[in-house]
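Visitor:
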Amino acid sequence: MSAAQTLVDLFAGRRDAATLATGEWEGVTGVARTEAMLATLSHQLEGADLPPPVAALFADQRVAAKVAQDQALWEAEMARRALAPEGIEFVLLKGTAYAAAGLSCSSGRQIGDLDILVLASDIRRAENELLEAGWEWVKSDPYDDHYYREHMHELPPLIHKARDRMIDVHHTILPKTHRITPDALALVSDAATTASGFAILNPEDMACHCAAHMLADGDLQGGLRNLWDFNCLTRDFAAADAGFWSKLDARAGLHGLRAAVHRAARLARDLYGAELQAGWDRRDAGDFWYRHRLLARDDWGRSTNFVLQQAFYIRSHWLRMPPRMLAGHLWTKWRKR
Amino acid sequence: MRHSTRISVGPVRFRVGSDWREPVAALERLYASYPQDDARPADATVRLFAARPWRRWLRPSVHIGGDFVVPDALPLPLAMGLLAAEMGMNLQVALGWRRHMLLHASAVARDGRAVIMSGESGSGKSTLAALLGEGDWRLMGDEFTLIEPASGDALAFPRAVSLKNEAIAEMAGRVDAARLGPLLAGTPKGDIRHLIPRPEAVAAMHEPARPALLLFPRFGGEVAIEPMGEGEAFVRLTEASTNYIALGEPGFAALTRLVRETPAFGISYPDSAAGMALVEQLWAEAAQ
Chain P
7 MSAAQTLVDL
17 FAGRRDAATL
27 ATGEWEGVTG
37 VARTEAMLAT
47 LSHQLEGADL
57 PPPVAALFAD
67 QRVAAKVAQD
77 QALWEAEMAR
87 RALAPEGIEF
97 VLLKGTAYAA
107 AGLSCSSGRQ
117 IGDLDILVLA
127 SDIRRAENEL
137 LEAGWEWVKS
147 DPYDDHYYRE
157 HMHELPPLIH
167 KARDRMIDVH
177 HTILPKTHRI
187 TPDALALVSD
197 AATTASGFAI
207 LNPEDMACHC
217 AAHMLADGDL
227 QGGLRNLWDF
237 NCLTRDFAAA
247 DAGFWSKLDA
257 RAGLHGLRAA
267 VHRAARLARD
277 LYGAELQAGW
287 DRRDAGDFWY
297 RHRLLARDDW
307 GRSTNFVLQQ
317 AFYIRSHWLR
327 MPPRMLAGHL
337 WTKWRKR
Chain X
5 MRHSTRISVG
15 PVRFRVGSDW
25 REPVAALERL
35 YASYPQDDAR
45 PADATVRLFA
55 ARPWRRWLRP
65 SVHIGGDFVV
75 PDALPLPLAM
85 GLLAAEMGMN
95 LQVALGWRRH
105 MLLHASAVAR
115 DGRAVIMSGE
125 SGSGKSTLAA
135 LLGEGDWRLM
145 GDEFTLIEPA
155 SGDALAFPRA
165 VSLKNEAIAE
175 MAGRVDAARL
185 GPLLAGTPKG
195 DIRHLIPRPE
205 AVAAMHEPAR
215 PALLLFPRFG
225 GEVAIEPMGE
235 GEAFVRLTEA
245 STNYIALGEP
255 GFAALTRLVR
265 ETPAFGISYP
275 DSAAGMALVE
285 QLWAEAAQ
């Protein structure tokens with residue numbers, strides 16, 4: 007049994023933490039760290055029967071994650087103070103949104119950058135306001151800068167000069183050149199609001215974005231964490247609203263993300279034991295490769311299965327841009343190596 | 005991985021894996037006298053690996069990886085595998101440890117009270133701690149000192165001392181050769197040789213000590229003692245801490261308490277003997 011498999015078994019509740027041997031804990035801890043899920047696991051196993059050193063390490067992780075989350079929410083507040091006075095509305099995305107809304111997947115979740123979504127028509131103003139409020143450009147490379155502005159779904163990353171924190175300002179949730187074009191206007195106009203006054207995506211859009219981010223916009227790097235987000239989001243939303251799954255299906259159709267969302271649901275079932283409804287609970291031969299890619303780590307946290315990883319890497323680019331453009335992009339990137 | 009070992013230093017247990025036997029064998033020799041706790045899972049993972057399979061044999065070069073990785077870190081030749089392991093262990097602690105506030109500082113203790121010495125590389129803090137540790141002080145560590153946020157106590161991290169350049173000869177004349185590791189000549193940090201702490205220091209590694217003196221040594225120049233204000237000590241220690249920001253408010257509280265309760269001095273000294281005398285003098289004054 008690989009450590010990655012043991013990790014998802016612990017999350018799914020298929021494995022009792024009390025039965026893990028010393029060496030297994032080392033593998034699980036290492037893989038969880040590499041997947042940025044150690045604090046999430048610490049929450050999942052809070053109160054479980056753990057060896058004292060593991061319990062102590064997990065307690066550290068929970069405390070540290072709380073501090074990190076407060077810091078991430080403070081960044082959201084800083085963005086609000088920079089943008090709100092100018093009437094620029096923004097929607098929090100991903101980790102910060104989960105934390106702001108107090109969703110269950112936010113327990114222990116690592117939050118990297120602050121991701122926000124603004125209307126495409128507001129993006130230049132948003133950039134100016136952030137620059138005035140102390141954020142600076144990170145990428146100095148003219149090609150990368152041009153590439154971001156012409157083809158991506160977000161501005162080149164900005165970093166705050168005093169707090170050293172990154173903000174990604176999106177105007178939609180997939181690159182402009184992607185084969186799929188989600189309805190960005192609907193994402194913003196149908197947004198929900200947290201008790202703390204931040205706009206977040208509504209439940210269906212949040213699940214759509216999570217699946218798009220994991221399956222349509224990358225090479226599944228960090229996929230176990232994204233899949234855990236998806237698993238918790240859909241589980242909790244469905245518990246609160248019996249019509250959630252059918253609403254999700256319709257909304258995914260609107261954004262062109264039905265395939266991604268359905269696959270995410272099946273993978274959540276296969277790895278984390280999610281319960282799916284009729285219409286969702288299907289088999290798909292292609293899922294095999296996704297499961298393997300998600301679990302491609304050895305007990306030392308190293309990536310395994312190089313060929314499969316490369317295949318997913320190429321796939322991510324193939325989805326993101328048309329072939330001619332891809333060739334030009336790779337040529338430019340290669341020449342600059 | 006092909007070769008691996010476990011090492012416990014202070015509160016941290018490491019799992020070190022390597023593509024080669026040599027670094028693991030060298031680690032096991034240096035840490036043979038440290039407590040073994042085979043039932044305890046490691047907190048942190050270090051990996052020493054070849055970037056390409058053939059580089060295991062052909063001009064073997066050791067890349068440093070683990071739970072936390074520094075992008076673009078340069079590999080080291082296999083002859084410096086022990087240094088790679090040490091750097092890997094330091095990296096995991098610096099970036100991953102959250103239970104305590106980490107200070108990039110050496111420390112020695114006597115009667116349950118600690119002298120914490122913080123300074124840049126080349127300030128002599130490691131050498132001073134190693135020399136004092138050979139006298140009637142307990143060496144707590146030459147690289148990291150851990151502050152427990154709740155109690156304010158200092159905790160030891162007595163890894164094998166990394167002696168550099170002139171310090172090697174200075175120590176080699178004083179200690180049993182069996183306590184010295186192999187000479188690593190011409191590393192990016194100069195010549196390096198590891199010193200195994202005295203058995204008492206290893207045996208006492210879980211015993212906390214109360215911070216009693218904060219010193220900021222500077223090697224070179226005339227003997228001088230400059231009392232340092234709380235504010236300056238605070239700012240210097242935030243710069244010397246790898247996880248001060250990550251700890252948030254408890255880190256701020258711990259550091260504030262440390263600088264308020266502990267007298268701090270900048271010291272300059274032309275040679276080790278003078279440096280040791282300064283520490284003894286300030287210690288005696290602080291005890292009054």
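Sequences listed follow chains P and X, in order. So in the numbering used here, spot 42 of the first sequence is number 48, and the numbers just go up one at a time. So in the numbering used here, spot 105 of the second sequence is number 109, and the numbers just go up one at a time. Glycine included, C-beta positions come from ideal geometry on N, C-alpha and C.
(1) Does any C-beta atom of chain P lie closer than 8 Å to the C-beta of Leu159 of chain X?
(2) Less than 8 Å between the C-beta atoms of Thr12 of chain P and Arg21 of chain P, yes or no?
(3) Is DSSP giving Ile195 of chain X helix, strand or coil here?
(4) According to a CB-to-CB cut-off of less than 8 Å, which residues of the region 304 to 327 of chain P neighbour chain X?
(5) Residues in the same chain with beta-carbon distance under 6 Å from Thr246 of chain X, minus the five sequence neighbours each way, listed in chain order, please.
(6) Counting only beta-carbon separations shorter than 8 Å, does Leu63 of chain P have a partner in chain X?
(7) Check whether the region 192 to 201 of chain P and the region 149 to 158 of chain P are in contact - that is, three or more C-beta pairs closer than 8 Å.
(8) Measure the alpha-carbon distance for Arg103 of chain X versus Leu143 of chain X and round it to whole angstroms.
(9) Would you be able to state if there are at least three C-beta pairs under 8 Å between the region 69 to 78 of chain X and the region 46 to 62 of chain P?
(10) Taking just the CA atoms, how far does Ala78 of chain P sit from Met175 of chain X?
(11) With a threshold of 8 Å between beta carbons, is Leu251 of chain X in contact with chain P?
(12) Rounded to a whole number of angstroms, what is the C-alpha to C-alpha distance between Leu98 of chain P and Asp195 of chain X?
(13) Consider the Cβ of Val144 of chain P: report whether some Cβ of chain X lies at a distance smaller than 8 Å.
(14) Counting only runs that start and end within the region 89 to 129 of chain P, where is the beta strand (DSSP E) found for 3 or more residues in a row?
(15) What do you get for Met331 of chain P, buried or exposed, if any count of 16 or more other CB atoms within 10 angstroms of its CB means buried?
(16) I need the straight-line Cα distance from Ile249 of chain X to Gly255 of chain X, nearest angstrom please.
(17) Does chain P have any CB closer than 8 Å to the CB of Met5 of chain X?
(18) How would you label Asn134 of chain P, buried or exposed, when you count the other beta carbons within 10 angstroms and need 16 or more for buried?
(19) Between the C-alpha atoms of Ile117 of chain P and Leu95 of chain X, what's the straight-line distance to the nearest angstrom?
(20) Rounded to a whole number of angstroms, what is the C-alpha to C-alpha distance between Gly252 of chain X and Trp101 of chain X?
(21) Against chain P, does Gly21 of chain X count as a neighbour if the rule is that its beta carbon must be under 8 Å from one of theirs?
(22) When you compare only the Cα positions, how much space is there between Ala1 of chain X and Leu135 of chain X?
(23) Quick one: residues in its chain with C-beta nearer than 7 Å to the C-beta of Trp141 of chain P, no 5 flanking neighbours on either side, listed in chain order?
(24) If contact is defined by three or more beta carbon pairs under 8 Å, each pair taking one atom from either stretch, is the region 228 to 244 of chain X in contact with the region 260 to 269 of chain X?
(25) CB Ala244 of chain X to CB Ala158 of chain X, shorter than 8 Å?
(26) Taking Cβ to Cβ, would you say Ile94 of chain P is nearer than 8 Å to Arg131 of chain P?
(27) Report all residues from its chain with a CB closer than 8 Å to the CB of Ser345 of chain P; omit the five preceding and five following residues, and keep chain order.
(28) Which full runs of the beta strand (DSSP E) of 3+ residues lie inside the region 66 to 133 of chain X, going along the chain?
(29) Between the region 48 to 67 of chain X and chain P, which residues of the former have CB atoms less than 7 Å from a CB of the latter, in chain order?
(30) When you measure from the CB of Ile179 of chain P to every non-hydrogen atom of the ligand FMN, does any distance come out below 7 Å?
(31) Going along chain X, which residues have a C-beta under 8 Å from Ala70 of chain P?
(32) Going by the beta-carbon positions, is the gap between Leu31 of chain X and Thr49 of chain X smaller than 8 Å?
(33) Counting only Cβ-Cβ distances shorter than 7 Å, please list the residues of the region 63 to 95 of chain X near chain P, keeping chain order.
(34) Check whether the region 212 to 227 of chain X touches the region 121 to 136 of chain X, taking contact to mean three or more Cβ pairs, one atom from each stretch, closer than 8 Å.
(35) Using a Cβ distance threshold of 8 Å, determine whether the region 213 to 230 of chain P contacts the region 266 to 280 of chain P, with at least three qualifying pairs required.
(36) Is the beta carbon of Ala88 of chain P sitting closer than 8 Å to the one on Ala71 of chain P?
Guide: In short, the structure shows the following:
(1) Mapped onto the second sequence, residue 159 of chain X falls at position 155. When Cβ-Cβ separations below 8 Å define contact, Leu159 of chain X makes no contact with chain P.
(2) Within the first sequence, residue 12 of chain P is the residue found at index 6, counting from 1. Within the first sequence, residue 21 of chain P is the residue found at index 15, counting from 1. The answer is yes: Cβ separation under 8 Å.
(3) In the second sequence, the residue the question calls residue 195 of chain X occupies position 191. The amino acid at residue 195 of chain X is misidentified as Ile; the sequence shows Asp. DSSP places Asp195 of chain X in strand when its eight states are reduced to three.
(4) So the close ones are Trp306, Gly307 and Arg308.
(5) Counting from one through the second sequence, the residue named residue 246 of chain X turns up at place 242. These residues qualify, in order along the chain: Ala98 and Leu106.
(6) Locating residue 63 of chain P in the first sequence gives position 57, where the first residue counts as 1. With 8 Å as the cut-off, Leu63 of chain P counts as an interface residue toward chain X.
(7) Contact between the region 192 to 201 of chain P and the region 149 to 158 of chain P is absent, because fewer than three Cβ pairs lie under 8 Å.
(8) Sequence index remark: in the second sequence, residue 103 of chain X carries index 99 (1-based). Sequence index remark: in the second sequence, residue 143 of chain X carries index 139 (1-based). The C-alpha of Arg103 of chain X lies about 21 Å from the C-alpha of Leu143 of chain X.
(9) In short, these stretches do not touch, since the Cβ pair count stays below three.
(10) Stepping through the second sequence from its first residue, residue 175 of chain X is reached at position 171. Stepping through the first sequence from its first residue, residue 78 of chain P is reached at position 72. The straight-line gap from Cα to Cα measures roughly 48 Å.
(11) Along the second sequence, read from residue 1 onward, the residue named residue 251 of chain X stands at position 247. At a cut-off of 8 Å between beta carbons, Leu251 of chain X contacts chain P.
(12) In the first sequence, the residue the question calls residue 98 of chain P occupies position 92. In the second sequence, the residue the question calls residue 195 of chain X occupies position 191. So the alpha carbons of these two residues sit roughly 52 Å apart.
(13) Residue 144 of chain P sits at position 138 when you count from the first residue of the first sequence. At a cut-off of 8 Å between beta carbons, Val144 of chain P makes no contact with chain X.
(14) Fully enclosed beta strand (DSSP E) runs of 3 or longer: 120 to 123.
(15) Within the first sequence, the letter at position 325 stands for residue 331 of chain P. When all chains shown are included, Met331 of chain P counts as exposed.
(16) Against the second sequence, residue 249 of chain X aligns to sequence position 245. Against the second sequence, residue 255 of chain X aligns to sequence position 251. Going by the C-alpha atoms only, they are around 7 Å apart.
(17) Translated into the one-based positions of the second sequence, residue 5 of chain X becomes position 1. So yes, Met5 of chain X belongs to the interface.
(18) Translated into the one-based positions of the first sequence, residue 134 of chain P becomes position 128. Asn134 of chain P is exposed by the Cβ-count criterion.
(19) On the first sequence, residue 117 of chain P is found 111 positions in, with the first residue counted as 1. On the second sequence, residue 95 of chain X is found 91 positions in, with the first residue counted as 1. Their Cα atoms are separated by approximately 21 Å.
(20) Numbered from 1 along the second sequence, position 248 holds the residue referred to as residue 252 of chain X. Numbered from 1 along the second sequence, position 97 holds the residue referred to as residue 101 of chain X. Their Cα atoms are separated by approximately 14 Å.
(21) Working through the second sequence from its first residue, we reach residue 21 of chain X at position 17. Contact with chain P is found for Gly21 of chain X, since one of that chain's Cβ atoms lies less than 8 Å from the residue's Cβ.
(22) Because chain X spans 5 through 292 in this model, residue 1 of chain X falls outside it and cannot be assessed.
(23) Taking the first sequence and counting its residues from 1, the one referred to as residue 141 of chain P is at position 135. Cβ neighbours of Trp141 of chain P beyond the five flanking positions: Leu164, Ile165, His166 and Ile173.
(24) The answer is yes - the region 228 to 244 of chain X touches the region 260 to 269 of chain X, with three or more Cβ pairs under 8 Å.
(25) Your numbering for residue 244 of chain X matches position 240 in the second sequence. Your numbering for residue 158 of chain X matches position 154 in the second sequence. Taking 8 Å as the Cβ cut-off, Ala244 of chain X and Ala158 of chain X do not qualify as a contacting pair.
(26) Position 88 of the first sequence, counting from 1, holds the residue named residue 94 of chain P. Position 125 of the first sequence, counting from 1, holds the residue named residue 131 of chain P. Arg131 of chain P sits close to Ile94 of chain P, with the two beta carbons spaced by under 8 Å.
(27) The first residue shown for chain P is 7 and the last is 343, placing residue 345 of chain P beyond what the model contains.
(28) Complete beta strand (DSSP E) runs here, min 3: 105 to 114 and 117 to 122.
(29) Of all residues in the region 48 to 67 of chain X, Thr49 and Arg51 have a Cβ within less than 7 Å of some Cβ in chain P.
(30) You won't find the ligand FMN in this model; it holds no ligand whatsoever.
(31) For this step, residue 70 of chain P is matched to residue 64 along the first sequence. Those within 8 Å of Ala70 of chain P in chain X are Arg102, Ala250 and Leu251.
(32) To locate residue 31 of chain X, count along the second sequence from 1; it is residue 27. To locate residue 49 of chain X, count along the second sequence from 1; it is residue 45. No, Cβ-Cβ distance for Leu31 of chain X and Thr49 of chain X is not below 8 Å.
(33) The region 63 to 95 of chain X vs chain P, Cβ under 7 Å: Asp71.
(34) With the cut-off at 8 Å, the region 212 to 227 of chain X and the region 121 to 136 of chain X touch.
(35) Using a C-beta cut-off of 8 Å, the region 213 to 230 of chain P makes contact with the region 266 to 280 of chain P, since at least three inter-stretch Cβ pairs fall below that distance.
(36) Residue 88 of chain P sits at position 82 when you count from the first residue of the first sequence. Residue 71 of chain P sits at position 65 when you count from the first residue of the first sequence. No, Cβ-Cβ distance for Ala88 of chain P and Ala71 of chain P is not below 8 Å.
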